[in-house]
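A short write-up of the structure that comes next.
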Amino acid sequence: MNAKRLRKALFNRSKLRAVIAIFVFLVLWEIGSRSKEWFGFAVPWIGHVPAPTAVVVAWYGLLGDPGYWQSWYMSTLRVLAGFFAAMVVGIPLGLFMAVNRTFNGLVFPSFEILRPIPPLAWVPASIIFWPSQELSIAFVTFLGAFFTIVINVLGGAKSIDPRYFQSAQSMGSSQWDVFRRVVLPATLPSIVVGSAVGMGITWEVVVAAEMISGGGGSGGSGGGLGFFIWNSYVGGSYEQIVVGMISIGIAGFISSELLRKLGSYLTPWLRKR
Amino acid sequence: MSAVLQKSAKAEKGALKGAIRIEDVVKIYDPEGAAVMAVDHCSLDIPAGEICMIVGPSGCGKTTLLNAIAGFHSISSGKIFLDDELLCGPEKPMAQPGSDRIVVFQNGALFPWKSNLDNVAFGPLMQGKLGKKEIYDKARSMMADAGLSGTEHNFPGEVSSGLRRRVEIVRALMNEPKVLLFDEPYRALDSLTKSVMHEALLEIYYKNKVTIFFITHDLEEAIFLGHRLVIMSSRPCKPKKIIDVDIPHPRDYSVLTSTRYRQLMDETIELVHEEAKKAFSAGEKEG
Chain G
826 MNAKRLRKAL FNRSKLRAVI AIFVFLVLWE IGSRSKEWFG FAVPWIGHVP APTAVVVAWY
886 GLLGDPGYWQ SWYMSTLRVL AGFFAAMVVG IPLGLFMAVN RTFNGLVFPS FEILRPIPPL
946 AWVPASIIFW PSQELSIAFV TFLGAFFTIV INVLGGAKSI DPRYFQSAQS MGSSQWDVFR
1006 RVVLPATLPS IVVGSAVGMG ITWEVVVAAE MISGGGGSGG SGGGLGFFIW NSYVGGSYEQ
1066 IVVGMISIGI AGFISSELLR KLGSYLTPWL RKR
Chain U
25 MSAVLQKSAK AEKGALKGAI RIEDVVKIYD PEGAAVMAVD HCSLDIPAGE ICMIVGPSGC
85 GKTTLLNAIA GFHSISSGKI FLDDELLCGP EKPMAQPGSD RIVVFQNGAL FPWKSNLDNV
145 AFGPLMQGKL GKKEIYDKAR SMMADAGLSG TEHNFPGEVS SGLRRRVEIV RALMNEPKVL
205 LFDEPYRALD SLTKSVMHEA LLEIYYKNKV TIFFITHDLE EAIFLGHRLV IMSSRPCKPK
265 KIIDVDIPHP RDYSVLTSTR YRQLMDETIE LVHEEAKKAF SAGEKEG
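These protein sequence lines map, in sequence, to chains G and U.
Throughout the first sequence, residue numbering follows my numbering, covering 826 to 1098 in sequence.
Throughout the second sequence, residue numbering follows my numbering, covering 25 to 311 in sequence.
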């Protein structure tokens, strides 16, 4: 019975479709990359990309390399640092802007001028501001998530139905109660959405920042995945470039998936049963 | 003998709370600018324990009156009393919202992030008058009385809209209010669900005698539920005619086929239709 259920969970239609899709994609990629060897002419673009089998071989060689794992570790650390800093600063700021009109009036204009600046445009300035390379990368990563989180929290808190406030007030809630029991839970879905989007941006930003800044003070193997890719490019190891790219894809996927799980745990009323 | 009777009648009267007196209330929106008059010298006496149906076309300013009683909006002049206590008046244009006057909103205002049971327990928990265990015991038994057993741990979004309205009424009653203020609560329901809700509401009312201030534009609902109908003129809002519904309570749905019901319907439909036409040609928006 249990084995049957397990088989059902593993081999349902949509999973099967996903597996077929990935397999077909890899086969086409393999054929494209090997087109020169096999058919005598290189298919444009794909003909110059290392084949998946070559990438797997390179990857297998890297699995025992501490430098590769060190890159994972450094990038993850920077993403987490920037992301949590953005949450810690961004959520209260967004909430306070939503509940206090004066504060919002004072802060919002500058916020809106700074927001459209791409985080990467901050890289040179941030290297000048901050004493270490590490801090400047973390700061740029922070910016990537910060604006998204603030704008989501602010929007979410501002669009709360006034009837919730009115009925909470009628039933004798103090202002603190209204904040804790109405504003916070009502904003939670927007906080989750802002965080998920923000997390995606931090991965984009951290990689680019690592490439530009040469991978932090420690350089070399301490440079993170972005530097790993750049280094592979400079060193002419094209398989490793692809390994680095896929690694980032996997890292981003894992972090979004974790955030989605956490978000759905925190907002049980939005789950479909 | 008669003195004793009078005394007991008086005591009986004293037991019921929640008489509303509206005296010459005027509400003007944006007095410096567009100066839109929403309520025009409106006076109305609602005795304690009455179901008073406020009937009028959409956007005539009925909700403005309700908001003034609830303490969500200010009034421009006039006075509103609850049991001879001033809620709002010239010195104090906006009443303080309180658990003695609970609003049941048009589309419902249950907190979607709280389970039905937590929603029902919310008011007493906020007021801190009882212990947590007593509050939850009371919430469970009141939900059971209203036929809501089994939905305690569902979120409001997981039950039907009819059940949701019922949860909301139970949540309101948990505060032991003197007055329930209904703002077209059944407007979004289909007519079959509505008829079930009406009977359920009356059943709850017979158990907990409170004053009910009920806004609607549905005549059938108004005659079926109300002791009195207050037909409002279209904006500015002003009582145009008050009609006593002399069908004895307790009522059930057989009332709808009675001749008296038909007569009352005939009497009122003309009045209401006239105001609706006025409101329509004035191009009032929903509100």
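Heads up, the beta-carbon is just placed ideally off N, CA and C, and yes, glycines get one too.
| Query | Result |
| --- | --- |
| If I follow the unbroken alpha helix (DSSP H) through F850(G), where does it start and stop? | 838-858 |
| What is the DSSP secondary structure of G1061(G), counted as helix, strand or coil? | coil |
| What separation, rounded to the nearest whole angstrom, lies between the Cα atoms of R134(U) and N143(U)? | The sequence shown places Leu at residue 134(U), not Arg. Looking at the two C-alpha atoms, the distance is approximately 7 Å. |
| Does the segment 218-231 of chain U touch the segment 53-72 of chain U, meaning 3 or more C-beta pairs lie closer than 8 Å? | no |
| In terms of alpha-carbon separation, which member of P114(U), A196(U), D108(U) lies closest to V128(U)? | A196(U) |
| Below 8 Å between beta carbons is the criterion; list the residues of the segment 116-130 of chain U that meet it against any residue of chain G, in chain order. | P121, G122, S123, R125, I126, V127, F129 |
| Compare the C-beta of R903(G) against all C-beta atoms of chain U and say whether one is closer than 8 Å. | no |
| Does the separation of the CB atoms of K77(U) and R252(U) fall below 8 Å? | Correcting the residue identity first, residue 77(U) is Met in this sequence and not Lys. Against a cut-off of 8 Å, the Cβ pair of R252(U) and M77(U) comes out as a contact. |
| With C-beta atoms as the reference, is S123(U) less than 8 Å away from M996(G)? | yes |
| By Cβ distance, which residues of its chain are closer than 7 Å to V882(G), with the 5 residues on each side in sequence left out? | none |
| Name the chain U residues whose beta carbon is nearer than 9 Å to that of R988(G)? | V127, F129, Q130, N131, G132, A133 |
| At a cut-off of 7 Å, would you count D986(G) as near the ligand GTP, judging by its Cβ distance to the nearest heavy atom? | The ligand GTP is not among the ligands present in this structure, which contains no ligands whatsoever. |
| Give the DSSP bridge partners of K103(U), in chain order. | E47(U) |
| In the segment 141-168 of chain U, which residues sit with their C-beta less than 7 Å from some C-beta in chain C, listed in chain order? | Of the protein chains in this structure, namely G and U, none is chain C. |
| Using three-state DSSP, classify V932(G) as helix, strand or coil. | helix |
| Can you check whether the C-beta of N232(U) is within less than 8 Å of a C-beta belonging to chain G? | no |
| Between the Cα of G1061(G) and those of P875(G), F850(G), L1087(G), G1023(G), spot the shortest distance and give me the residue it belongs to. | P875(G) |
| So, does the segment 1049-1059 of chain G touch the segment 1028-1039 of chain G, judging by three or more C-beta pairs under 8 Å? | yes |
| Quick test of the definition: if touching needs 3 or more C-beta pairs under 8 Å, does the segment 107-121 of chain U touch the segment 149-162 of chain U? | no |
| Can you find a C-beta in chain G that's less than 8 Å from the C-beta of A94(U)? | yes |
| Give the DSSP-derived three-state secondary structure of S67(U) in the structure shown. | strand |
| Under 8 Å, do G1105(G) and I974(G) count as touching if we go by C-beta distance? | It is not possible to answer for residue 1105(G), since the shown part of chain G is limited to 826 through 1098. |
| Looking at chain G, is there any beta carbon in it that lies within less than 8 Å of the beta carbon of G181(U)? | yes |
| Whole angstroms are fine: how far does the CA of A1021(G) sit from the CA of L809(G)? | Residue coverage of chain G in this structure runs from 826 to 1098, which leaves residue 809(G) outside it and unanswerable. |
| Taking only beta-carbon positions, decide if A994(G) is within less than 8 Å of chain U. | Per the sequence presented here, residue 994(G) reads as Gln, with Ala not at that position. For Q994(G), the answer is yes, since a Cβ of chain U falls inside 8 Å of its Cβ. |
| Checking contacts by CB at 8 Å: is P209(U) closer than that to chain G? | no |
| Cutting at 6 Å between CB atoms, please list the residues of its own chain near A915(G), excluding the five before and the five after it. | Here residue 915(G) turns out to be Gly, not Ala, going by the sequence shown. F971, I974, V975, listed in sequence order. |
| Just to make sure I have the definition right: I need the residues of chain U whose C-beta is within less than 7 Å of the C-beta of W1094(G). Which are they? | P136, W137, F179, G181 |
| M150(U) to V194(U), Cα distance in whole Å? | 16 Å |
| Is the beta carbon of T235(U) sitting closer than 8 Å to the one on E47(U)? | no |
| Is I104(U) closer than 8 Å to P117(U) when the C-beta atoms are compared? | no |
| Taking all protein chains shown into account, do 16 or more other C-beta atoms lie within 10 angstroms of the C-beta of Q937(G), making it buried, or fewer, making it exposed? | Looking at the sequence shown, residue 937(G) is not Gln but Glu. Result: exposed. |
| For M167(U), I'd like the list of residues in its chain whose CB is within less than 8 Å of its CB, leaving aside the five on either flank, ordered along the chain. | N140, L141, V144, S173, T175, E176, V191, V194 |
| Start and end of the alpha helix (DSSP H) containing E243(U)? | It should be noted that the sequence gives Leu, not Glu, for residue 243(U). Run containing L243(U): 243-249, per the alpha helix (DSSP H) assignment. |
| Applying a beta-carbon distance threshold of less than 8 Å, which residues of chain U neighbour S998(G)? | M150 |
| CB A246(U) to CB N131(U), shorter than 8 Å? | no |
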